[in-house]
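K.L.:
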Amino acid sequence: MTAPGPGVTARRWRSRRSAAVAGILFGVLLVAALAMMRVAVSGESLQQLEADPARQTLIRTALNLVPFAGIAFLWFIGVVRDQLGEVEDRLFSTVFLGSGLLFLGMLFQGAVTVTSLVEMIPGERLDAGIWTFGRGATEALVSVYAMRMAAVFTLSVSTVALRTAAVPRWVPFSGYAVALVLLLVAGTQKWAQLLFPAWVLVLSIAILLTPGHGRPAEPTRPG
């Protein structure tokens, strides 16, 4: 019998605390980014935005937070999957990973589009038609498609959390409610989009405060 080789990452980076910290960072950063974006562009025409450098700065600040929120989200996904270990359900694991990556990809694409639009504002290259198209495309990508993937992610994580008793039962049940709201009204009620990062923040705090049941031992392989 041969002992399993050492992991690539140190154990502390794969712990429940690491997942909780990553989730907290993601929740705080994305709530801040979405809130600043909504304040900056809600109800504003292109002419008003061009005349208000403070709103442009607010948009750029929000966009600068998105990559860091994405990094934290990726780490959160990785550590949660690693913590599941042998009890990982392949069906929910696939849905969990796929929906999380799709959400992140759509979020990044929306951020790229908005970044391009904002960079064109100071010059004369951005007309009302391009602004309307870019804003509409971004709204559809983030508000409709990304938030639906966030709802699927929330459903899968809530189901796994409920089955493994990793956190108090009210956390996954609240996740089901958040997922339902995201599925039904996130495309029309823009501020409802903050529910997803806020729920990940609550889940991460619950993970941080809930004692773990211990990581399942990795099986040894015959030499």
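Adding 170 to a residue's 1-based position in the sequence shown gives its number in our numbering. Heads up, the beta-carbon is just placed ideally off N, CA and C, and yes, glycines get one too.
#1: Between Phe196 and the rest of its own chain, which residues show a CB-CB distance below 7 angstroms, the 5 nearest in sequence each way excluded?
#2: What is the DSSP secondary structure of Ile291, reduced to helix, strand or coil?
#3: Given that a residue counts as buried once 16 or more other Cβ atoms are within 10 Å of its Cβ, and exposed if not, what is Thr227?
#4: What is the rounded straight-line gap between the Cα of Arg318 and the Cα of Thr308?
#5: Check each candidate in Arg251, Ala224, Gly299 and name the one with the smallest Cα separation from Ser326.
#6: Are the beta-carbon atoms belonging to Thr285 and Leu233 less than 8 angstroms from one another?
#7: Label Arg186 either buried or exposed according to how many other C-beta atoms from any shown protein chain fall within 10 Å of its C-beta, with 16 as the threshold for buried.
#8: If you follow the alpha helix (DSSP H) that Tyr346 is in, where does it begin and where does it stop?
P.N.:
In terms of the structure at hand:
#1: Excluding sequence neighbours, Phe196 sits near Ala239, Ala242, Phe243, Phe246, Pro367, Val370.
#2: Under the three-state reduction of DSSP output, Ile291 falls in the coil class, being neither helix nor strand.
#3: With fewer than 16 other Cβ atoms within 10 Å, it is exposed.
#4: Straight-line Cα distance between these residues: approximately 14 angstroms.
#5: The shortest CA-to-CA distance from Ser326 to any of Arg251, Ala224, Gly299 is the one to Arg251.
#6: Result yes, Cβ atoms of Thr285 and Leu233 sit closer than 8 angstroms.
#7: So Arg186 ends up on the buried side.
#8: Looking at the DSSP string, the run of the alpha helix (DSSP H) that includes Tyr346 is 340-355.
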